[in-house]
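So the sequence lines, in the order shown, correspond to chains P and U. Taking the working numbering, the leading residue of the first sequence gets 1049, the next gets one more, and so forth. Taking the working numbering, the leading residue of the second sequence gets 1032, the next gets one more, and so forth. Cβ coordinates follow ideal geometry from the N, Cα and C atoms, glycine included. Since the structure is predicted, the reported quantities are computational estimates derived from the model, not experimental observations.
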Amino acid sequence: MTETSSQPVPEKAKPSLFQQLELDMRLLGMIGAFVILCIGFNIVTDGRFLTPRNLFNLSIQTVSVAIMACGMVFIIVTRHIDLSVGALLATTSAVMAMTQTELLPQVLGMGLNNPATWAITIVVGLFVGTLIGAFHGWMVGYLTIPAFIVTLGGFLVWRNVAWYLTSGQTIGPLDSTFLMFGGTNGTLGATTSWLFGLFATGIAIWALWSGRRAKAAHGFPVKPVWAEATLAGIIAIAILGYVYIVNSYAIPTRRLQRMFEARGETMPEGLVVGYGIPISVLILIIVAVTLTVVARKTRFGRYIFATGGNPDAAELSGINTRLLTVKIFALMGFLCAVSAVVASARLANHSNDIGTLDELRVIAAAVIGGTALSGGIGTIYGAILGALIMQALQSGMAMVGVDAPFQNIVVGSVLVLAVYIDIVYRKRLGAK
Amino acid sequence: MMQAQDTQKTSNNAGRGSGTPPLVEMRDISISFGGIKAVDHVSVDLYPGEVVGLLGHNGAGKSTLIKVLSGAYQMDQGEILIDGKRVEIGNPRDARANNIETIYQTLALADNLDATSNLFLGREMTTPFGLVNDAAMEAECRKIMAQLNPNFQKFNDPVSALSGGQRQSVAIARAVYFNARILIMDEPTAALGPHETQMVADLIHQLKAQGIGIFLIDHDVHAVMELCDRASVMKNGKLVGTVDIADVTDDDLLSMIILGKQPEQKAE
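If you want it as structure tokens, here you go:
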């Protein structure tokens, strides 16, 4: 696209609107698919799909898979695969459940809802997740066992380690602060959400502007100002629009009443309070932004993509690809633990089947999001959109009343179809 | 015509014979894969401002020998000296630290990344915050590409979208950008057209004049006769011999490659 502006070739058609915006066509396609899906379900369900309540629920249901899908992008980009993420989620969830309900109360004598419980629990969970992930990475990178085998084994091992740790029981109730990471129990509230929305918009516009300034400083071609402004406008509307929606989902009156009673106050008559941004969604945003910066702006990210594009070249360029593999899998383990916090907090307990089939959902989300299994290509935002599309499909069908077997049949077919469309698109584009 | 070229070569070849240690000395190198000796007690050396050709059939061991120097392979036996000092080259990073740069036959480019990312791969410029400084790197990339290949414009496309010659110039840029003292070129013109081949030849002359030592691996005897000062010929993993290009003909080199025999020494 930039070639158009820098190369004095005549006979070049005037760049189209999308080309001038320099938007990723695949991204637009996915957003389009998501919008069509939402509108379609909204029509079929007589307007029950696009309600603040449903969109709020949709976002908190997506978070757990989306967080892991972000890590899966790096795994798949380096031509590996991780089949153990659901099982790893279960193990870290079990570890955290046992830590807060058994270990801390009995060994350290910390009572129920001790203010330090949630923090210690999460630190332990993240540590265990990272350690297991690094162990997988070590076997893949240094022992050169294929990732498929390592994580297939890991799938069986960690699913059953979780079972063993909890003796197969559902563990609960969990710490009340810990539960705030799950969704409805922990939201920012309307005012903070607006502030966060404005802050995020500011950051996004600053990022666009500083990128443009860096290019201009070296005299590289830049987008026209109107294109930049349009992009900023779209981003601002998306962020603030989401804040508006989650703020419009009012906390049910009875629940609000209980919250006031807990503080020993009486609720004013007719008070309406919006939920605001769920803390779990906030975590997803932090993970997504951090990993996008890692992918694009750090050496680590650059090496991940270089290794995926040509492992031999990466090695010959002096990149320690073995250590890189360990780091990538450790990051995956860390993100599994983060997802375990969100998932178990949302369910308010640890159950033995937590995270079942998540490995497939996570891989599907990454692949629908444009991550190429042949390596070297993939984006974080694509994986999150992929997770969102899958979840919208699933909960939309549930809402319409599609039978459970048909739901999975449709999701499976959509996965294959999405990858096929991607292949056709890439062939037409001429890129491998 | 040969005569004129010969004088030019001798004058460029000032480092050798003046008592200074060679830039690189690979002594008695052996390496085997699964019982087969790919390189068998081979010694070669290289002086500043000199081009040494490595010749031989496919499988003669020339690429393997050179990969020991670039850190891609570990030798079983032997030693490498740079400026007369023994060095350990255990991986490509060590080679780079010793100012050894390699242009691989496969080019070793990450096809999904753009020219700038490939140029700086493993040696990215960073901002004070530790993030990669893409704009500064692109500016440097534009500078060096303007010297090497002024027609090059595709700075924002992945290198998979480039032509063979453009890809080659990215690989060359990567080798010469970081102040190489020792350059290894593994069949740099194998995939190129006549015009681009000439470009590489010009570049070799230019680098030579800067005092860079070059190992040139090539199949083509004529190219070696034209570009090199000396040639080392290998056959079946063994060194047949090293000759001054000025002292031999194309046919002498060919018979060394095919028969594995030293030409009879010319009377001095």
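Anyone know if the C-beta pair for residue i and residue j falls short of 8 Å?
i: P/L1512; j: P/V1458; result: Here chain P has residues from 1049 to 1480 only, and residue 1512 of chain P is not among them.
i: U/D1275; j: U/H1253; result: no
i: U/L1054; j: U/I1213; result: yes
i: P/A1081; j: P/A1414; result: no
i: P/I1411; j: P/M1120; result: yes
i: U/L1085; j: U/I1097; result: yes
i: U/N1129; j: U/I1113; result: yes
i: P/G1220; j: P/N1400; result: no
i: U/L1179; j: U/A1204; result: yes
i: U/T1273; j: U/S1263; result: yes
i: U/L1193; j: P/F1353; result: no
i: P/P1326; j: P/G1231; result: yes
i: P/H1128; j: P/V1188; result: yes
i: U/I1245; j: U/I1235; result: yes
i: U/V1190; j: U/N1149; result: yes
i: P/T1357; j: U/A1141; result: Checking the sequence, you will find Gly at residue 1357 of chain P rather than Thr. Going by C-beta atoms, P/G1357 is nearer than 8 Å to U/A1141.
i: P/R1409; j: P/V1083; result: no
Can you find a C-beta in chain U that's less than 8 Å from the C-beta of residue i?
i: P/V1472; result: no
i: P/R1096; result: no
i: P/R990; result: Any question about residue 990 of chain P goes unanswered here, given that chain P covers just 1049 to 1480.
i: P/K1263; result: yes
i: P/L1131; result: no
i: P/G1357; result: yes
i: P/H1266; result: yes
i: P/F1183; result: no
i: P/A1135; result: no
i: P/G1426; result: no
i: P/K1475; result: no
If you compare alpha carbons, which of the options is closest to residue i?
i: U/K1266; options: U/T1157, U/K1292 and U/I1243; result: U/K1292
i: U/V1310; options: P/V1270, P/G1234, P/A1391 and P/G1349; result: Residue 1310 of chain U lies beyond the range of chain U shown here (1032 to 1299); nothing can be said about it.
i: U/D1233; options: U/C1259, U/G1195, U/R1117 and U/M1287; result: U/C1259
i: U/T1137; options: P/H1398, P/T1278 and P/A1362; result: P/A1362
i: U/F1160; options: P/V1342, P/P1194 and P/L1364; result: P/V1342
i: U/A1206; options: U/R1154, U/A1221, U/A1170 and U/D1188; result: U/R1154
i: P/A1446; options: P/D1072, P/I1084, P/R1096 and P/T1165; result: P/R1096
i: U/S1074; options: U/E1081, U/E1056, U/V1082 and U/G1087; result: U/E1056
i: P/F1229; options: P/W1242, P/V1209, P/W1274 and P/S1392; result: P/S1392
i: P/S1328; options: P/V1092, P/P1269 and P/I1108; result: P/I1108
i: U/R1117; options: U/D1071, U/M1230 and U/R1058; result: U/R1058
i: P/V1390; options: P/T1314, P/P1153, P/L1332 and P/G1077; result: P/L1332
i: U/F1064; options: U/P1225, U/G1268 and U/I1288; result: U/G1268
i: P/F1524; options: P/R1302, P/I1123 and P/L1279; result: Since the first and last residues shown for chain P are 1049 and 1480, residue 1524 of chain P lies out of range.
i: P/F1226; options: P/G1157, P/G1201 and P/I1170; result: P/I1170
i: U/A1103; options: U/L1238, U/S1200, U/I1131 and U/P1225; result: U/I1131
Beta-carbon of residue i versus every beta-carbon of chain P: anything under 8 Å?
i: U/Y1104; result: no
i: U/E1119; result: no
i: U/N1180; result: no
i: U/N1129; result: no
i: U/P1123; result: yes
i: U/G1153; result: yes
i: U/V1163; result: yes
i: U/G1143; result: The sequence given here places Asn at residue 1143 of chain U; Gly does not occur at that position. It does; some Cβ of chain P falls within 8 Å.
i: U/S1094; result: no
i: U/Y1135; result: yes
Identify, in the order they occur along the chain, each residue of the same chain with its Cβ nearer than 7 Å to the Cβ of residue i, setting aside the five sequence neighbours on each side.
i: P/Y1297; result: P1100, R1101, F1104, G1322 and Y1323
i: P/V1143; result: V1172, G1173, V1176 and L1213
i: P/E1276; result: L1256 and R1260
i: P/Q1455; result: Q1442, M1445 and A1446
i: P/T1314; result: F1308
i: U/S1101; result: P1123, A1126, I1131, T1133 and I1215
Residues in the same chain with beta-carbon distance under 6 Å from residue i, minus the five sequence neighbours each way, listed in chain order, please.
i: U/Q1108; result: S1061
i: U/M1168; result: T1147, F1151 and M1156
i: P/A1264; result: V1270
i: P/I1235; result: Looking at the sequence itself, residue 1235 of chain P is Thr, so the reference to Ile does not match. Answer for P/T1235: Y1323, G1324 and P1326, listed in chain order.
Here's a check: name, in chain order, each residue in its chain whose Cβ is nearer than 8 Å to the Cβ of residue i, leaving out the five neighbours to either side.
i: P/L1204; result: A1135
i: P/G1181; result: L1136, F1377, A1378, L1379, M1380, G1381, F1382 and C1384
Practice problem: Indicate whether the contact test is met: 3 or more Cβ pairs, each with one atom in the region 1420 to 1436 of chain P and one in the region 1136 to 1144 of chain P, closer than 8 Å. | Solution: no
Quiz prompt | the region 1182 to 1199 of chain U contacting the region 1370 to 1378 of chain P, beta-carbon criterion three pairs below 8 Å | solution = no
Practice problem: Check whether the region 1301 to 1310 of chain P touches the region 1117 to 1125 of chain U, taking contact to mean three or more Cβ pairs, one atom from each stretch, closer than 8 Å. | Solution: Too few Cβ pairs lie closer than 8 Å, so no.
Quiz item: Using 8 Å as the threshold, is the region 1375 to 1386 of chain P in touch with the region 1126 to 1133 of chain P, meaning 3 or more CB pairs across them?
Solution: Three or more pairs of CB atoms, one per stretch, sit closer than 8 Å, so the region 1375 to 1386 of chain P contacts the region 1126 to 1133 of chain P.
Practice problem: Could you say if the region 1273 to 1288 of chain P and the region 1239 to 1259 of chain P meet the contact criterion of at least three C-beta pairs nearer than 8 Å? | Solution: yes
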